[in-house]
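Asks: Dumping the structure here so I can ask a few things about it.
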Amino acid sequence: MNNQNVDQNEIAKFEALASRWWDPTSEFKPLHDINPLRLNYIDERVSLAGKRALDVGCGGGLLSEGMALRG
42 MNNQNVDQNE IAKFEALASR WWDPTSEFKP LHDINPLRLN YIDERVSLAG
92 KRALDVGCGG GLLSEGMALR G
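Numbering (our numbering), first residue to last: 42 to 112.
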């Protein structure tokens, strides 16, 4: 990756969010709370076992991690 093409302010902003994103008591608590419901909804329609998924990077990866843990 060419760091000259990266806005250092954007990097700093997301680095500051990283620890809070994974904290289930932070402002992202609602995402943690609904994650089991989202996973069940997806798994009921398309069994996740043995599937591969691509995380496009539009969030913290909470849903992707849960999907990976299911198989």
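C-beta atoms are modelled at their ideal positions from N, C-alpha and C, and glycine is treated no differently.
In whole angstroms, what separates the C-alpha of P77 from that of N46?
Replies: Here residue 77 refers to the residue found at position 36 when the sequence shown is read from its first residue. Here residue 46 refers to the residue found at position 5 when the sequence shown is read from its first residue. When rounded, the distance between both Cα atoms is 37 Å.
Asks: Are at least three pairs of beta-carbons, each pair with one atom in the region 60-74 and one in the region 96-110, less than 8 Å apart?
Replies: yes
Asks: Taking just the CA atoms, how far does F55 sit from G107?
Replies: Position 66 of the sequence shown, counting from 1, holds the residue named residue 107. Position 14 of the sequence shown, counting from 1, holds the residue named residue 55. Taking the straight line joining both Cα atoms gives about 21 Å.
Asks: By DSSP, does A60 sit in helix, in strand, or in coil?
Replies: Reading the sequence shown from its first residue, position 19 is the one you call residue 60. What sits at residue 60 in the sequence shown is Ser, not Ala. Looking at S60 - three-state DSSP - the assignment turns out to be helix.
Asks: Expressed to the nearest angstrom, what Euclidean distance is found between the alpha-carbon atoms of C99 and L80?
Replies: Here residue 99 refers to the residue found at position 58 of the sequence shown. Here residue 80 refers to the residue found at position 39 of the sequence shown. Answer to the nearest angstrom: the Cα atoms are 17 Å apart.
Asks: Can you tell me whether K92 is helix, strand or coil according to DSSP?
Replies: Position 51 of the sequence shown, counted from the first residue, corresponds to residue 92. K92 falls in the coil class under three-state DSSP.
Asks: What's the gap between the Cα of N50 and the Cα of A59?
Replies: Working through the sequence shown from its first residue, we reach residue 50 at position 9. Working through the sequence shown from its first residue, we reach residue 59 at position 18. Distance between the alpha carbons of N50 and A59: 14 Å.
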